[in-house]
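Chains as they are written, first to last, in UniProt numbering: chain Y, 1 to 121; chain G, 1 to 121. The C-beta atom is built at its ideal place from N, Cα and C for all residues, glycine as well. Note that the structure is predicted; figures quoted are calculated from it, not measured.
Number of protein chains: 2
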Amino acid sequence: MALKIRKNRAKNPPPTCAVGTCMQVLGKAWTPNVIWYLSAGPRRFGELRHDMPQISAKMLSERLRDLESKGVVERCVVPSSPPSAEYGLTELGLELMPAIEAIVAVGKRLKERMGQAAEAA
Amino acid sequence: MALKIRKNRAKNPPPTCAVGTCMQVLGKAWTPNVIWYLSAGPRRFGELRHDMPQISAKMLSERLRDLESKGVVERCVVPSSPPSAEYGLTELGLELMPAIEAIVAVGKRLKERMGQAAEAA
DNA sequence: CAGGATCCAATTCGATACTG
DNA sequence: CAGTATCGAATTGGATCCTG
Chain Y
1 MALKIRKNRA KNPPPTCAVG TCMQVLGKAW TPNVIWYLSA GPRRFGELRH
51 DMPQISAKML SERLRDLESK GVVERCVVPS SPPSAEYGLT ELGLELMPAI
101 EAIVAVGKRL KERMGQAAEA A
Chain G
1 MALKIRKNRA KNPPPTCAVG TCMQVLGKAW TPNVIWYLSA GPRRFGELRH
51 DMPQISAKML SERLRDLESK GVVERCVVPS SPPSAEYGLT ELGLELMPAI
101 EAIVAVGKRL KERMGQAAEA A
């Protein structure tokens, strides 16, 4: 019988109310954590890894580049010896803080309430 | 803007955050939308589908069962003829609202700011 | 140490079809 | 209408190795 080619999937870009717009930024693993740890001020790659012991180098650099390309995070090279880079929130990034804070607050309540699994970072 | 004014990096990283706990609930596709649309009051399956025209029946019922199993959403059978079911937020679900609202608020700002893709509601 | 490249198992989610 | 079952494409994110 003939080869059956599947119809192309619609693959709609994220959905309906404005949550999609925000979740496109915050929705991936570790993203809110990264933003959270940057919220106190610029931080270096290794510091962030230390903040989140479970994250892999790949994940972290991937997320940082994602966020940079979205204008949420800014990478600045610090002239030192050896020169190193620091990551910080942009203004756009700062605008996300209320949401992150709300997420953190609810997360804490959920954790108490459910008395559940430990989380690193 | 040239180089960002580099403030001293954070000496005191924020304490462990509970982001993961919350994102485990909100992190999957459509979840915040579903909660959002339930926040105005109980709603039936078909109504929710209508609220989110892009969601598939499978997704919706999957998300509803997820949320039910997490105690966020409650399914109650309404005695009518024929009897039908309604979904509503539990108290735990209501506790998530501040986060959802913050996400929606930021989403709207992002949309304005980026002047991007259209989204309804 | 900071980060990229590659490989791969697991999950996610859309389309489709089916049931009461 | 209200939902479930199955299939499979695409995405995810972890592990590992490689680089300057």
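Starting from the C-beta of residue i, find all residues in its chain whose C-beta is less than 7 Å away, skip the five residues before and the five after it, and write them out in chain order.
i       : result
Y/VAL77 : PRO83, ALA85
Y/THR90 : GLY71, VAL72, VAL73, GLU74
If you drop the 5 nearest sequence neighbours on each side, which residues of the same chain put their C-beta closer than 8 Å to that of residue i?
i       : result
Y/ARG49 : ILE55, ALA57, LEU60
Cα separation between residue i and residue j?
i                      : j        : result
G/THR21                : G/GLY27  : 10 Å
residue 128 of chain G : G/ARG75  : Outside the shown range of chain G, which is 1 to 121, sits residue 128 of chain G, and nothing can be said about it.
G/ALA102               : Y/ALA102 : 7 Å
Y/VAL19                : Y/ILE35  : 18 Å
Y/ASN33                : G/VAL104 : 19 Å
Y/ALA40                : Y/TYR87  : 11 Å
Y/LYS4                 : Y/MET114 : Legend: pLDDT at Y/LYS4 = 35, less than 50; position of this residue unreliable, value from coordinates given subsequently. Cα-Cα distance, rounded: 48 Å.
Y/PRO15                : Y/MET23  : Reliability of the predicted coordinates at Y/PRO15 is poor, the pLDDT of 42 falling under 50, and the value obtained from them is presented with this limitation in mind. Answer to the nearest angstrom: the Cα atoms are 10 Å apart.
G/GLY46                : Y/GLU47  : 48 Å
Y/MET52                : G/LEU92  : 28 Å
Y/PRO79                : G/ALA29  : 42 Å
G/ALA10                : G/PRO98  : 27 Å
With distances taken from CA atoms, which of the options is nearest residue i?
i        : options                             : result
Y/GLU112 : G/CYS17, G/GLY107, G/ALA10, G/TYR87 : G/CYS17
G/VAL25  : G/PRO14, G/ILE100, G/TYR87          : G/ILE100
Y/GLY107 : G/GLU62, G/VAL73, G/GLU95           : G/GLU95
Quick one: what's got a C-beta closer than 6 Å to residue i's C-beta in the same chain, skipping five residues either side?
i       : result
G/SER69 : none
G/LEU67 : VAL73
Assuming residue i and residue j are in contact, meaning their beta carbons sit under 8 Å apart, how far apart are those beta carbons, in whole angstroms?
i       : j       : result
Y/ARG43 : Y/TYR37 : 6 Å
Y/ARG65 : Y/THR31 : About 12 Å; that fails the 8 Å criterion.
Listed from N- to C-terminal order along the chain, which residues in the stretch 93 to 113 of chain G have their beta-carbon within a distance smaller than 8 Å of any beta-carbon of chain Y? GLU95, LEU96, PRO98, ALA99, ILE100, GLU101, ALA102, ILE103, VAL104, ALA105, VAL106, GLY107, LYS108, ARG109, LEU110, LYS111, ARG113
When you check each C-beta in the stretch 20 to 33 of chain G against every C-beta of chain Y, which residues fall closer than 8 Å? When C-beta distances to chain Y are compared with 8 Å, the residues of the stretch 20 to 33 of chain G below that value are GLY20, THR21, CYS22, MET23, VAL25, LEU26, GLY27, ALA29, TRP30, PRO32, ASN33, in chain order.
Which residues, in order along the stretch 61 to 82 of chain Y, keep a beta-carbon less than 8 Å from a beta-carbon of chain G? GLU74, CYS76, VAL78
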